[in-house]
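**Q**
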Amino acid sequence: MSGKKSTEVRPELAALQARLNASLDAGRSKSVASRHSRGYRTARENLHDLIDPDSWIEWGQLAIAAQRSRRSVDDLRVATAADGIITGMAGINARQVGPDCASTVVIVNDYTVLAGTQGYYHHHKLDRAIAQARQLKLPVVMYTEGGGGRPGDDDVKTQIAGLHLASFRDWAALGQRVPRITVNHGYCFAGNAALFGSGDIRIATRASWIGMAGPAMIEGGGLGRFEPTQIGPAEQQFKNGVVDILVDDEAEATAAAKQVLSYFQGAIAGSEPELAAHTLRDVIPEDRRWAYPVRQVIKGLCDKDTFLEVGRVYGRSVITGFIRIDGVPVGLIANDCQQLGGAVDAQAADKAARWYRLCQRFKLPLLSLTDTPGFMVGPDSEAQAAVTRMASMFEAGAAFDQPLVALFLRKGYGLGAMAMTGGSFAAPSYAAAWPTGEFGGMGLEGAVRLGYRKELEAIQDPAERQARFDALVAQLYDIGKATEAATHLEIDAVIDPKDTRAFLLRAYRACGVL
4 MSGKKSTEVR PELAALQARL NASLDAGRSK SVASRHSRGY RTARENLHDL IDPDSWIEWG
64 QLAIAAQRSR RSVDDLRVAT AADGIITGMA GINARQVGPD CASTVVIVND YTVLAGTQGY
124 YHHHKLDRAI AQARQLKLPV VMYTEGGGGR PGDDDVKTQI AGLHLASFRD WAALGQRVPR
184 ITVNHGYCFA GNAALFGSGD IRIATRASWI GMAGPAMIEG GGLGRFEPTQ IGPAEQQFKN
244 GVVDILVDDE AEATAAAKQV LSYFQGAIAG SEPELAAHTL RDVIPEDRRW AYPVRQVIKG
304 LCDKDTFLEV GRVYGRSVIT GFIRIDGVPV GLIANDCQQL GGAVDAQAAD KAARWYRLCQ
364 RFKLPLLSLT DTPGFMVGPD SEAQAAVTRM ASMFEAGAAF DQPLVALFLR KGYGLGAMAM
424 TGGSFAAPSY AAAWPTGEFG GMGLEGAVRL GYRKELEAIQ DPAERQARFD ALVAQLYDIG
484 KATEAATHLE IDAVIDPKDT RAFLLRAYRA CGVL
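Counting with my numbering, you get residues 4 to 517 for the letters of the sequence shown.
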């Protein structure tokens, strides 16, 4: 038995503690200070804000860059800590969803290590994390900040182009199995951007620049010199649909990632809606030509503070997002009549089709709040490849086999309305309308102009012509209002707006969701 006191630390343990400390923020004060001077958090600060306390298991903390042939090991241990990528497993949201549903794989690219570039061991760690997520069927949250591929790992002599790796293919394939949430703050170029763009839900801060090549690659390709802040600014990427959720800073991005993840983790305790049920009776104006804020309807139907919109400024006439009803996560798709009158244009069709596919992959029930005059038509629309982009809604809707409940708030016209309900009014498990609902093969005004053109043109007096036009529209409205559609079994029911949430609860329970 050794005569050493139990309080003494053996040399090998002291060496291990020193090695581990060199990879943490406490042992990398210069890098941490540089990060903080820009108002940014470190990779490990984001990590610990994301995960539940005392739940972290890390893979490959002692890795360093494959550059021993030209740099000292002591230097590499600090300057290339963990080879620029932190990987492991942890619990997230366990207090909400329970420990059995909280396990998550976490991947954090560390920009303080060689600008977050992807090196030889970096890719090994990334591949192992992806493999574990696939094997254990765990969701993944990945922070993607970084400059893409790294050319300086000279210890590896077997590579020529460094393209014989599986990271990007395996990461893309993982989306068929588990949800992938990507988060970015700062520069995200080349391979890092490819990882970000493959995320199922993509979150970025306003101080993000995301592009498939950084300044050096662009200049090397003979395309000119650009500052990194000129490449893929976050506001631009939010407008074009690359970014789903745009936030102010890393703290908000991390909070958003936790909230998004929670919808994939299952049910939580339910709560009452933000708005009282009776207020729904007055949301839609009496004049059918006036628009209204459909997000007020959403807040009157879902649990309080559970509506999280995805892609707000891309394809704005269709709203997509997550809600909870009695604690159960539900995908949402809704027309926004304050944008293009609720008409589904090419961008909105892309957005809606993607949402069908995401909810299908991860078995989320869907709620469709429909109020649309149909697809956006005309030469400008066709110039945006409307035919194939709008057809994609029917393809995605046809593949959707989870419970779908449709609520027609007002207009349900043409192919666009059908696409909003899985491709057919017969597709939903339950399809109801408010008394304000109105239906037809196309918009009423257009139907009158088309069907009664000669009659209207024959009326010389403009006031008389307008009066006849209004009378014909009113006639078609009476024929196509919700109660008539229900009489002909085009929808299942017409309900009092005040009772909508109760009907949704019954419908989803009948489908086995609640």
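Beta carbons: idealized from backbone N, C-alpha and C, even for Gly.
What you are looking at is a predicted structure, and each value in this text was computed from that prediction instead of being measured.
Run through DSSP, which three-state label would E385 get?
**A** DSSP places E385 in helix when its eight states are reduced to three.
**Q** Specify whether the stretch 27-42 and the stretch 89-96 touch according to this definition: at least 3 beta carbon pairs, one from each stretch, less than 8 Å apart.
**A** Result no; under three Cβ-Cβ pairs closer than 8 Å.
**Q** Here's a check: name, in chain order, each residue in its chain whose Cβ is nearer than 7 Å to the Cβ of T503, leaving out the five neighbours to either side.
**A** Answer for T503: L283, L304 and L410, listed in chain order.
**Q** Leaving out the 5 sequence neighbours to the left and right, which residues in its chain are closer than 8 Å to N24 when beta-carbon positions are compared?
**A** If we look at N24 and ignore the five residues flanking it on each side, its Cβ neighbours are G30.
**Q** Bridge partners of E441, per DSSP?
**A** DSSP output for E441 lists K414 and K484 as bridge partner(s).
**Q** Among F199, W62, G417 and V297, whose alpha-carbon lies nearest the alpha-carbon of G214?
**A** Checked all of F199, W62, G417 and V297; the closest Cα to G214 is F199.
**Q** Going by alpha carbons, who is nearest to I271 out of E458, R509 and K307?
**A** I271 has its Cα closest to that of K307, out of E458, R509 and K307.
**Q** Pick helix, strand or coil for L492, following the three-state DSSP scheme.
**A** L492 falls in the coil class under three-state DSSP.
**Q** When you compare each of Y43, V76, L370 and S34 to R22 by their alpha carbons, which one comes out closest?
**A** Residue V76 is the option with its Cα nearest to R22.
**Q** In chain order, what residues of the same chain lie with their CB nearer than 6 Å to the CB of Q387, ignoring the 5 residues before and after it?
**A** Excluding sequence neighbours, Q387 sits near A349.
**Q** Specify whether the stretch 208-227 and the stretch 368-384 touch according to this definition: at least 3 beta carbon pairs, one from each stretch, less than 8 Å apart.
**A** Short answer: they don't touch.
**Q** Relative to the C-alpha of D374, which residue among L226, G417 and R153 is closest?
**A** The shortest C-alpha separation from D374 is found at G417.
**Q** Can you look up M4 in the DSSP assignment and give me helix, strand or coil?
**A** Per-residue confidence for M4 stands at a pLDDT of 49, beneath the threshold of 50, marking its modelled position as unreliable; the derived number appears in the next sentence. Coil, per DSSP.
**Q** Output the boundary residues of the alpha helix (DSSP H) element that contains G449.
**A** Counting along the chain, the alpha helix (DSSP H) containing G449 begins and ends at L447 to G454.
**Q** Check the C-beta distance from G440 over to V347 and give it rounded, since I have them as a contact under 8 Å.
**A** Contact flag wrong, Cβ pair sits at about 18 Å.
**Q** Looking at the secondary structure, which residues open and close the alpha helix (DSSP H) in which H126 lies?
**A** H126 -> alpha helix (DSSP H) spans Y123 to L139.
**Q** Spatial neighbours of S58 within its chain, please: CB distance less than 6 Å, with the 5 preceding and 5 following residues excluded, ordered by chain position.
**A** Hits under 6 Å: A93 and G94.
**Q** What residues in its chain sit with their C-beta under 7 Å from that of K242, if we drop five residues either side in the sequence?
**A** Once the five neighbours on either side are set aside, the close Cβ partners of K242 are V316 and Y317.
**Q** By alpha-carbon positions, which one of S395, E275 and N187 ends up nearest to A3?
**A** Lying before the first or after the last residue shown, residue 3 is absent from the chain, which here runs from 4 to 517.
**Q** Which residues bound the beta strand (DSSP E) around N187?
**A** Run containing N187: R183 to F192, per the beta strand (DSSP E) assignment.
**Q** Below 7 Å CB to CB, which residues in the same chain sit around D495 once its five sequence neighbours on both sides are set aside?
**A** Cβ neighbours of D495 beyond the five flanking positions: Y433, A434 and A435.
**Q** Do you know offhand how far G426's Cα is from A489's?
**A** C-alpha separation (whole angstroms): 19 Å.
**Q** For K128, count the other beta carbons within 10 Å of its own beta carbon; 16 or more makes it buried, fewer makes it exposed. Which is it?
**A** So K128 counts as buried.
**Q** Distance check for A402 and M396, CA to CA, integer angstroms please.
**A** Between M396 and A402, the C-alpha separation is close to 10 Å.
**Q** To which residues of the same chain is M4 closer than 6 Å at the C-beta, ignoring the five residues directly before and after it?
**A** Note that M4 scores 49 on pLDDT, short of 50, meaning its location in the model is unreliable; the coordinates nonetheless yield the value given after this. Counting only Cβ-Cβ distances below 6 Å, and skipping sequence neighbours, we find nothing.
**Q** Could you please give the first and the last residue of the uninterrupted alpha helix (DSSP H) stretch that includes P218?
**A** First-last of the alpha helix (DSSP H) with P218: P218 to G223.
**Q** Quick one: residues in its chain with C-beta nearer than 6 Å to the C-beta of R71, no 5 flanking neighbours on either side, listed in chain order?
**A** Cβ within range, chain order: D158.
**Q** Cβ of A430 within 8 Å of Cβ of L407?
**A** It is a contact, given that the beta carbons lie within the stated cut-off.
**Q** Go through the stretch 53-85 residue by residue and report every complete run of the beta strand (DSSP E) that reaches 3 residues or more, in order.
**A** With a minimum length of 3 residues, the continuous beta strand (DSSP E) runs that stay inside the stretch 53-85 are 60-62.
**Q** Nearest to A45 by CA position, among V108, L343, Q342 and D113, is which residue?
**A** Per the sequence shown, the amino acid found at residue 45 is Thr instead of Ala. Here the closest residue by C-alpha is D113.
**Q** Let me check understanding here. Comparing Cα to Cα, which of G330, A351, P332 and V333 lies closest to C340?
**A** Out of G330, A351, P332 and V333, A351 has the C-alpha closest to the C-alpha of C340.
**Q** If you count every other CB in all the chains shown that lies within 10 Å of the CB of G170, and 16 or more means buried, which is it?
**A** Strictly speaking, residue 170 in this sequence is Ser, with Gly absent from that position. Result: buried.
**Q** Measure the C-alpha to C-alpha separation of V331 and L264 and round it to an integer number of angstroms.
**A** Straight-line Cα distance between these residues: approximately 13 Å.
**Q** Hey, would you say R74 sits closer than 8 Å to T120, going by beta carbons?
**A** Against a cut-off of 8 Å, the Cβ pair of T120 and R74 comes out as no contact.
**Q** Going by DSSP, what residues sit across from T375 in a beta bridge?
**A** Beta-bridge pairing links T375 to G415.
**Q** Mind checking whether F192 and G151 have CB atoms under 8 Å apart?
**A** Result yes, Cβ atoms of F192 and G151 sit closer than 8 Å.
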